[in-house]
Amino acid sequence: MKQSKDKRTSIPVHKLQERTSLGIQVRYFVNFNKQDIRKLGAHRDDHYILIIQEYGNSKVNIDFKTIMVSGCAAFFILPGQVHYVPESEETAGWFMAIDSSLVDKSYQQIFEELALHQQALAISTEKVDQLAKCAGLLCDMFDDAEQALMPGTVIHSLASAYVGIFADLYKSSNPEKDKQNLRPEIITSEFRKLVSSQFKTLKNPSQYADTLSLSLSYLNEVVKAVTGFPVSYWIHQEIILEAKRMLYYSDLSVKQIAFSLGYDDHAYFSRLFTKVSGISAVRFRKDYRE
1 MKQSKDKRTS IPVHKLQERT SLGIQVRYFV NFNKQDIRKL GAHRDDHYIL
51 IIQEYGNSKV NIDFKTIMVS GCAAFFILPG QVHYVPESEE TAGWFMAIDS
101 SLVDKSYQQI FEELALHQQA LAISTEKVDQ LAKCAGLLCD MFDDAEQALM
151 PGTVIHSLAS AYVGIFADLY KSSNPEKDKQ NLRPEIITSE FRKLVSSQFK
201 TLKNPSQYAD TLSLSLSYLN EVVKAVTGFP VSYWIHQEII LEAKRMLYYS
251 DLSVKQIAFS LGYDDHAYFS RLFTKVSGIS AVRFRKDYRE
């Protein structure tokens, strides 16, 4: 039997670094192009996506859950979540893609706590206008070829303010928590919180399994089933995310950053950074500080 040319052996991962060196894209959209949507298909991103819909109706499938987006609404997609848009009718709004290293940790926690029961959030036209003005200012900082017209630090500061307003919409809504969480989701949530607080001292997946009083094989199975990635992926992501923050916000050398993150062998750390990020630590600092 002839094999289909479109057959995929894995879900593609879209990397923001391949589209921009500043770690941020902001665009205004009117009516998603259906052909473009089909071309994208189901995929993961290595960055956050924040959407403000001004009007229209959309369906977004995120990790096999369909989210209805109607009228003035906000919704987000976390790094690693499999998603696609099966339907979009007469919509308009703002799209932001932003690197995890540019998202404040407190904002990340808000999004991650809601991720297991993700939903679109209905918002007022006043809030839409507020976010639209901020997004418009960000767009004005790039030319038609998406080249920055302002220093990266200025762009990133405004982008952080935008993300903060967006995150506060969800925090202020106080959505009712579903008390019937499945055990795998609870374990995964506990694991992710543990990684967030202990990644500088705990590097080995077996250490997390021992701390959670679980076998490594079971923890790995559960985390991969819920998130699509193994335990080691999330440990490395947290470590490299912190490294990116230090590269951007401090003047520490790569060697000093490696030591501060618990690595005695800075050469190994440098190789790990390049493997996880797709670029070297030195290149990351140069690109983001220009």
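Counted the way UniProt numbering counts, the sequence shown spans residues 1 to 290.
Glycine residues also receive a C-beta, built at the ideal position from the N, C-alpha and C atoms.
As the structure is a prediction and not an experimental result, all values here were calculated from the model.
Problem set entry | Given 8 Å, three or more beta-carbon pairs between the segment 49-66 and the segment 17-24 | no
Exercise. In angstroms, rounded to a whole number, what distance separates the CA positions of Glu18 and Ile279?
Worked result: 10 Å
For this session: With a threshold of 16 other CB atoms inside 10 Å of the CB of Glu176, please say whether the residue is buried or exposed.
Result: Note that Glu176 has pLDDT 49, beneath the 50 cutoff, so the model's placement of it is unreliable and the number below is only indicative. That one is exposed.
Exercise. Between the beta-carbon of Leu247 and the beta-carbon of Arg271, is there less than 8 Å?
Worked result: no
Exercise. Based on the DSSP output, what are the partners of Lys65 in its beta bridges?
Worked result: Ile62
For this session: Consult DSSP for His47 and reduce its assignment to one of helix, strand or coil.
Result: coil
Problem set entry | Three-state secondary structure assigned by DSSP to Lys179 | Unreliable placement is indicated for Lys179, whose pLDDT of 46 sits below 50; the coordinate value is still reported in the next sentence. Coil at Lys179, not helix or strand.
Exercise. CB-CB under 7 Å to Glu238, same chain, minus the five flanking residues each way: which ones, in chain order?
Worked result: Val195, Ser196, Phe199
Problem set entry | Minimum length 4: unbroken alpha helix (DSSP H) runs contained in the segment 188-218 | 205-211
Exercise. Would the beta-carbon of Ala92 fall within 8 Å of that of Glu54?
Worked result: yes
Exercise. Which word fits Val13, buried or exposed, when buried means at least 16 other C-beta atoms lie within 10 angstroms of its C-beta?
Worked result: exposed
Exercise. Which same chain residues, not among the five before or five after Ala122, have their C-beta less than 8 Å away from its C-beta?
Worked result: Ser70, Gly71, Cys72, Ala73
Exercise. Expressed to the nearest angstrom, what Euclidean distance is found between the alpha-carbon atoms of Arg289 and Asp140?
Worked result: 19 Å
Exercise. What residue does the alpha helix (DSSP H) around Lys154 start on, and which one ends it?
Worked result: Position check: residue 154 holds Val in this sequence, whereas Lys was assumed. Its alpha helix (DSSP H) spans residues 152-173.
For this session: Take His43 and list the residues in its own chain whose beta-carbon comes closer than 8 Å to its own, dropping the five residues that flank it on each side.
Result: Ile11, Pro12, Val13, His14, Val82, His83, Tyr84
Exercise. Of the residues Glu221, Arg283, Val163, which one's Cα is nearest the Cα of Met96?
Worked result: Val163
Exercise. Are Trp234 and Arg192 closer than 8 Å when you measure CB to CB?
Worked result: yes
Problem set entry | Pair within 8 Å by beta-carbon distance, Leu216 and Ser206 | yes
Exercise. What residue range is occupied by the uninterrupted alpha helix (DSSP H) comprising Phe284?
Worked result: 281-289
Exercise. Per DSSP, what kind of secondary structure is Ser277 in: helix, strand or coil?
Worked result: helix
Problem set entry | Contact belief for Val154 with Ile187 at Cβ below 8 Å, rounded distance in angstroms | The distance from the Cβ of Val154 to that of Ile187 is about 42 Å, inconsistent with a contact at the 8 Å cut-off.
Problem set entry | Glu87: first and last residue of the uninterrupted beta strand (DSSP E) it sits in | That run of the beta strand (DSSP E) goes 83-98.
Exercise. If you run the structure through DSSP and keep just helix, strand and coil, what is Arg19?
Worked result: Coil.
Exercise. If we call anything under 8 Å between Cβ atoms a contact, is Ile165 one with Gln130?
Worked result: yes
Problem set entry | Closest by C-alpha distance to Ala145, when choosing among Asp265, Val26, Tyr268, Phe273 | Val26
Exercise. Taking the Cβ atom as the reference point for each residue, do Glu112 and Leu158 lie within a distance shorter than 8 Å?
Worked result: no
Exercise. Can you pull the DSSP bridge partners for Ser253?
Worked result: In DSSP, Ser253 forms no bridge with anything.
For this session: Can you check DSSP and say which residues form a bridge with Leu121?
Result: Ala74
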